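Take a look at the structure set out below.
Number of protein chains: 2
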Amino acid sequence: MAQPLKVGLAGLGTVGSAVIHLLERGRDKLVARCGRPIEVVAISARSRHKKRDFDAGKFRWVADPSALARDPAIDALVEVIGGAAGPAKLAVETALAAGKAVVTANKALLAAHGQRLAAVAERHGVALNFEASVAGGIPIVKTLREGLNGATFTRIYGILNGTCNYILTRMEQERLSFADCLKEAQRLGYAEADPSFDIEGHDTAQKLAILASLAFGTKIDPRAIYSEGIASIAPADLNAAAELGYRVKLLGVAVKTAEGIEQRVHPTMVPKDSAIAQVMGVTNAVTIDADGIAPITLVGPGAGGEATASAIIADLADIARGVRTPPFGRPAARMTAVRKAPMQHHEGGYYIRLLARDRPGTAATIARRLAQQKISLESIVQRHEAGSRGAAQPGRSEEAVPVILITYATSEDAVHKALAAVRRDRVVYGRPQVIRIERA
Amino acid sequence: MAQPLKVGLAGLGTVGSAVIHLLERGRDKLVARCGRPIEVVAISARSRHKKRDFDAGKFRWVADPSALARDPAIDALVEVIGGAAGPAKLAVETALAAGKAVVTANKALLAAHGQRLAAVAERHGVALNFEASVAGGIPIVKTLREGLNGATFTRIYGILNGTCNYILTRMEQERLSFADCLKEAQRLGYAEADPSFDIEGHDTAQKLAILASLAFGTKIDPRAIYSEGIASIAPADLNAAAELGYRVKLLGVAVKTAEGIEQRVHPTMVPKDSAIAQVMGVTNAVTIDADGIAPITLVGPGAGGEATASAIIADLADIARGVRTPPFGRPAARMTAVRKAPMQHHEGGYYIRLLARDRPGTAATIARRLAQQKISLESIVQRHEAGSRGAAQPGRSEEAVPVILITYATSEDAVHKALAAVRRDRVVYGRPQVIRIERA
Numbered sequence: 505m506a507q508p509l510k511v512g513l514a515g516l517g518t519v520g521s522a523v524i525h526l527l528e529r530g531r532d533k534l535v536a537r538c539g540r541p542i543e544v545v546a547i548s549a550r551s552r553h554k555k556r557d558f559d560a561g562k563f564r565w566v567a568d569p570s571a572l573a574r575d576p577a578i579d580a581l582v583e584v585i586g587g588a589a590g591p592a593k594l595a596v597e598t599a600l601a602a603g604k605a606v607v608t609a610n611k612a613l614l615a616a617h618g619q620r621l622a623a624v625a626e627r628h629g630v631a632l633n634f635e636a637s638v639a640g641g642i643p644i645v646k647t648l649r650e651g652l653n654g655a656t657f658t659r660i661y662g663i664l665n666g667t668c669n670y671i672l673t674r675m676e677q678e679r680l681s682f683a684d685c686l687k688e689a690q691r692l693g694y695a696e697a698d699p700s701f702d703i704e705g706h707d708t709a710q711k712l713a714i715l716a717s718l719a720f721g722t723k724i725d726p727r728a729i730y731s732e733g734i735a736s737i738a739p740a741d742l743n744a745a746a747e748l749g750y751r752v753k754l755l756g757v758a759v760k761t762a763e764g765i766e767q768r769v770h771p772t773m774v775p776k777d778s779a780i781a782q783v784m785g786v787t788n789a790v791t792i793d794a795d796g797i798a799p800i801t802l803v804g805p806g807a808g809g810e811a812t813a814s815a816i817i818a819d820l821a822d823i824a825r826g827v828r829t830p831p832f833g834r835p836a837a838r839m840t841a842v843r844k845a846p847m848q849h850h851e852g853g854y855y856i857r858l859l860a861r862d863r864p865g866t867a868a869t870i871a872r873r874l875a876q877q878k879i880s881l882e883s884i885v886q887r888h889e890a891g892s893r894g895a896a897q898p899g900r901s902e903e904a905v906p907v908i909l910i911t912y913a914t915s916e917d918a919v920h921k922a923l924a925a926v927r928r929d930r931v932v933y934g935r936p937q938v939i940r941i942e943r944a
Numbered sequence: 505m506a507q508p509l510k511v512g513l514a515g516l517g518t519v520g521s522a523v524i525h526l527l528e529r530g531r532d533k534l535v536a537r538c539g540r541p542i543e544v545v546a547i548s549a550r551s552r553h554k555k556r557d558f559d560a561g562k563f564r565w566v567a568d569p570s571a572l573a574r575d576p577a578i579d580a581l582v583e584v585i586g587g588a589a590g591p592a593k594l595a596v597e598t599a600l601a602a603g604k605a606v607v608t609a610n611k612a613l614l615a616a617h618g619q620r621l622a623a624v625a626e627r628h629g630v631a632l633n634f635e636a637s638v639a640g641g642i643p644i645v646k647t648l649r650e651g652l653n654g655a656t657f658t659r660i661y662g663i664l665n666g667t668c669n670y671i672l673t674r675m676e677q678e679r680l681s682f683a684d685c686l687k688e689a690q691r692l693g694y695a696e697a698d699p700s701f702d703i704e705g706h707d708t709a710q711k712l713a714i715l716a717s718l719a720f721g722t723k724i725d726p727r728a729i730y731s732e733g734i735a736s737i738a739p740a741d742l743n744a745a746a747e748l749g750y751r752v753k754l755l756g757v758a759v760k761t762a763e764g765i766e767q768r769v770h771p772t773m774v775p776k777d778s779a780i781a782q783v784m785g786v787t788n789a790v791t792i793d794a795d796g797i798a799p800i801t802l803v804g805p806g807a808g809g810e811a812t813a814s815a816i817i818a819d820l821a822d823i824a825r826g827v828r829t830p831p832f833g834r835p836a837a838r839m840t841a842v843r844k845a846p847m848q849h850h851e852g853g854y855y856i857r858l859l860a861r862d863r864p865g866t867a868a869t870i871a872r873r874l875a876q877q878k879i880s881l882e883s884i885v886q887r888h889e890a891g892s893r894g895a896a897q898p899g900r901s902e903e904a905v906p907v908i909l910i911t912y913a914t915s916e917d918a919v920h921k922a923l924a925a926v927r928r929d930r931v932v933y934g935r936p937q938v939i940r941i942e943r944a
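Residue numbers (my numbering), protein chains in the order written: chain A, 505 to 944; chain B, 505 to 944.
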């Protein structure tokens, strides 16, 4: 049998441990598939003597991940330390410079330094694989890099954060508030103690940056991404969505427009019968639109030790087989600068929820402001909430009536201008809720 | 720039023409991605002078596909002639023997001779790629061969025939009969004049044979597949399914059991909220279950010129890049014989629709026969059809009352024995309808 692929594993958290277990369990199958075994020969982690769910004593211990990365005994480094800087970055750079293949699950590192690292990998003729960095167990990186090379992509969008999708699913199904669902997600371990990275859309933005680069051959640029989180979503929005035939999802969307590539992360109304709308709970999904071809959707686990480890092992299997493609599907030097389509030129339908003052002329004022921006309405729902009629509202001289508007395609700019005018006219209370609609 | 990959194209139908168009349209992108152009240099088809939607005069014409296959000017053969024997088989064999890579969309050829052809390709160190042979534009072959190498598959199932899914979708949505929907599908070009290959499940079986081999590393054996078509499905079944929380789909299922690999194609009740149940019309989908990982589902176009051509070009791009894996993910010599799990040992829930004779003792007789086979019932629905009460039925001494039973998990054998006994007892009219339930 050929020489084994010798792996150094840096990081022994949930994913690192699962890599060890899956490699042991799948050993024979991997030999059959790759023609040689894949073996972890050395490990590195922050704490050597922590109790682990495998026998760490079987593996050579290397205290410093960068020392592991240049260890002559290893062919490939698996980096599951995490973080865009510090030991993870140093270990990956060291391994590539030493001519060793790297497999990483580190989306932050790739979003920040992906193109430069890809160039280093190419210069040294080694693989830099990162299937696990986006949508865990869904093979979306390979699909974009190799599986759909015949297609010309026009749009890619997806549910890339399980925490947010879990919260939105619970809010919808159990009519709970955002705050209550977040607490529940934290209790179940689906959300971090500091949830801002997930719920503000930053996690989705990093993953979208990687997908957009793979799909459109552009340089990774997380700063080109417009980002909005889900904290403002209210049960009233989910109810209205359901009534109007939509569901609200936090989507990452990258789309080719006449002006460049629009990259955005925001709560989105998607048609209830679309594939993406069916994706509930912590599940992830990505839809790919290409010229002349019906959409392709991949649905699966976005996180979890075994799903992520499985993606890492698929990347190792490619290395063991000697399969190597440029990390982003084309040479790093051929990745083009992103021409960022400005968000104010975004075009699409909009959902707008206003709290209107119930007095003569309000409807006419709102209608006039929309018309001035050439915004046409597909539907208007105005309804006194049960029991609210006549109830005095503190600090409000008139009753507040919820009004829900669905616009036909218009521009971000027009919507902002119209709503600013409506607020100046003092016919609404507070800040209108605006959710973009994505055709799917 | 490196030398182009020179392609001989055998077959100029819808897919062949789309390959030419997509290669032209995607030329620059493919150069960026593969480091060299992909160029059709010679073509072959049955009729030289047929009018085509591209300028055939630009390409060298080779009358005999096998002569094209061994032409020294080509690096790779694209075979889109079709058929398990004849010129397609000869051309593919000739190309591989001449050390040329082959890309084919020919499921019949692969189902019949896949393992032998893979062995020839491996012996000559060339690629045999067939992404387009299963589920058209969905990159399921690459996903199983490379994308999920870390996973240990336990089950793979899917909607692999757009014609059948279109018919079942129309039947459900418009409450039409099978015969009417088939006629409509034929009118729209979704079904052949002789539809038996599609509607009897043979097309699905060929595709399932390929997927099972990729997933489980077993030799392809279409004869190991149990197959039932959709012609017996009645609107009454679809209505009952909807009421009970299911939808009926023609599935191909390959599943690891204690006895071996069960491979089967049949109309199937799937839970209405499962990913596979959402797939409507001509769309295809495949779900992959693996140890310890949540299911992964791929949804997309199962046919169509551009979708199929896109898959062919992705295969060519791998060849242009020098990427090569064994055609079935492991060396042909390491593919194991299928241990066929016998269908009579299949275990699962069952939907049974009977036409019971409305006379005392019928229910007791049916219940006793099921109990004798240790079959427990999850639900029983018995209903006099509107207006049928008292209506004399020709040749029927008693009224016929539809009874619908949903069983808990039991075996195929038990269901057949129980129903045979019920028929011998003469408490039902005609042949009971039986549809297997698949947990999803």
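Just so you know, even glycine gets a beta-carbon here, dropped at the ideal spot from N, CA and C.
The model shown is predicted, which means the values in this text are computed figures rather than measured ones.
Leaving out five residues before and five after B:Arg-679 in sequence, what residues of the same chain have Cβ atoms less than 6 Å from its Cβ?
-> Pro-739
To the nearest whole angstrom, what separates the beta carbons of B:Val-931 and B:Ile-908, a pair I think is in contact under 8 Å?
-> So it is not a contact: roughly 16 Å between Cβ atoms.
Taking the alpha carbon of B:Val-783 as the point to measure from, which residue in B:Thr-772, B:Val-803, B:Pro-775 and B:Ile-792 has its own alpha carbon closest?
-> B:Val-803
Coarse secondary structure for B:Val-951, derived from DSSP in three states = Outside the modelled stretch of chain B, which goes from 505 to 944, sits residue 951 of chain B, for which no answer is possible.
Report the rounded CA-to-CA distance for B:Ala-978 versus A:Ile-792, giving the unit in angstroms.
-> Chain B is shown from 505 up to 944; residue 978 of chain B falls before or after that span and cannot be answered.
Return no unless some Cβ of chain A is closer than 7 Å to the Cβ of B:Lys-753.
-> no
Could you check which residue in A:Ala-860, A:Ile-663, A:Ala-655 and A:Arg-872 has the C-alpha nearest to that of A:Ala-904?
-> A:Ala-860
Hey, is A:Lys-711's beta-carbon within less than 7 Å of any beta-carbon in chain B?
-> no
Can you pull the chain A residues whose beta carbon is under 7 Å from the beta carbon of B:Ser-717, in chain order?
-> In chain order: nothing, as chain A lies at least about 13 Å away.
Could you list the residues in the region 809-826 of chain B with a C-beta less than 7 Å from some C-beta on chain A, going in chain order?
-> Glu-810, Ala-811, Ala-813, Ser-814, Ala-815, Ile-816, Ile-817, Ala-818, Ala-821, Asp-822 and Arg-825
Buried or exposed: A:His-706, going by 16 or more other Cβ atoms within 10 Å of its Cβ?
-> buried
Exposed or buried, which one is B:Pro-699 when buried takes at least 16 other CB atoms within 10 Å?
-> buried
Please go through the same chain and pick out, in chain order, the residues whose beta-carbon is closer than 6 Å to the beta-carbon of A:Ala-762, but skip the five residues on each side of it.
-> none
Mind listing the chain B neighbours of A:Ile-642? Cutoff is C-beta to C-beta under 7 Å, in chain order.
-> Ile-800
Every unbroken alpha helix (DSSP H) within the region 731-782 of chain B, with a cutoff of 4 residues, ordered by chain = 739-748
Starting from B:Phe-682 and walking both ways along the alpha helix (DSSP H), at which residues does that stretch end?
-> 682-691
Would you report the Cα separation of B:Gly-756 and B:Ala-615, rounded to the nearest angstrom?
-> 14 Å
Along chain B, in chain order, which residues have C-beta atoms closer than 7 Å to that of A:Arg-537?
-> Asn-653, Gly-833 and Arg-834
Cβ neighbours of A:Asp-725 in the same chain (closer than 6 Å, five flanking residues each side left out) = Val-842
Can the beta-carbon of B:Ile-734 be found less than 7 Å from the beta-carbon of B:Leu-754?
-> yes
Is the region 588-601 of chain B touching the region 525-537 of chain B in the sense that three or more CB pairs, one from each, lie closer than 8 Å?
-> no
Cβ separation of B:Ala-821 and B:Arg-537, assumed to be a contact under 8 Å, to the nearest whole Å = 6 Å
Which residues share a DSSP beta bridge with B:Pro-906?
-> B:Leu-859
Going by other Cβ atoms of all chains shown within 10 Å of its Cβ, with 16 needed for buried, is B:His-920 buried or exposed?
-> exposed
How about B:Gly-512 and B:Leu-572: do their beta carbons lie closer than 7 Å?
-> yes
Of all the CB atoms in chain B, is at least one closer than 7 Å to the CB of A:Ser-892?
-> Caution applies to A:Ser-892, whose pLDDT of 48 falls short of 50 and renders its modelled position unreliable; the value that the coordinates give is listed next. So, not an interface residue.
Assuming A:Arg-564 and A:Ala-592 make a contact with CB atoms under 8 Å, what is their CB distance in whole Å?
-> Rounded, the Cβ-Cβ distance is 20 Å, inconsistent with contact.
Does the Cβ-Cβ distance between B:Asn-669 and B:Thr-708 come in under 7 Å?
-> no
Which runs of the beta strand (DSSP E) fall wholly inside the region 527-568 of chain B and span at least 3 residues, in chain order?
-> 542-548
Can a CB atom of chain B be found closer than 7 Å to the CB of A:Ala-895?
-> Because A:Ala-895 sits at a pLDDT of 47, beneath the cut-off of 50, its placement in the model cannot be relied upon, and the following sentence gives the value as read from the coordinates. So no, A:Ala-895 is outside the interface.
Tell me, please, whether the CB atom of A:Ala-779 is closer than 7 Å to any CB atom in chain B?
-> yes
Using a C-beta cutoff of 7 Å, does A:Val-803 count as contacting chain B?
-> yes
Look up A:Arg-659 in the DSSP assignment and say whether it is helix, strand or coil.
-> strand
Out of B:Glu-626, B:Ala-588 and B:Arg-627, state which residue places its alpha-carbon closest to the alpha-carbon of B:Thr-608.
-> B:Ala-588
For the alpha helix (DSSP H) that contains B:Val-827, what are its first and last residues?
-> Looking at the DSSP string, B:Val-827 is not in any alpha helix (DSSP H), and its letter there is neither H nor E.
Could you work out which residues of chain A lie near B:Leu-526, taking near to mean beta carbons separated by less than 7 Å?
-> Gly-654
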